[in-house]
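J.: In UniProt numbering, the protein residues as written are 1 to 102.
Ideal Cβ placement from N, Cα and C applies to all residues, glycine included.
This is the structure we're talking about:
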């Protein structure tokens, strides 16, 4: 009968060699994945900042004209005609009636 070489004996004998070879390979793979995750996180952060900048610019473009059209309080010294001369907008119909009634 040939000598029986149990599989577990082969595992016990080769484990230190496999450990020395596989440890650096596994460590390198983990290190690379950590670097890739950090790069992906940084790229996502930059994209997020760009989107916020674009949203802020779009809001300024859309809301900017509304803020310019909003009636501003007149200084106490200038009433009526002075405000009309400063503004390049055409007066609204009925605006004069509202001022005279107030």
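Are the C-beta atoms of residue 21 and some chain B residue less than 8 angstroms apart?
T.: Of the protein chains in this structure there is only one, and it is not chain B.
J.: By DSSP, does residue 6 sit in helix, in strand, or in coil?
T.: As a position in the chain shown, residue 6 is number 6, starting the count at 1. Reduced to three states, the DSSP call for residue 6 is coil.
J.: Nearest-angstrom Cα distance between residue 42 and residue 32?
T.: Counted from its first residue, the chain shown places residue 42 at position 42. Counted from its first residue, the chain shown places residue 32 at position 32. Each residue's Cα considered, the two are about 15 angstroms apart.
J.: Could you compute how far the alpha carbon of residue 103 sits from the alpha carbon of residue 35?
T.: Missing from the structure shown is residue 103; the chain here goes from 1 to 102 and no further.
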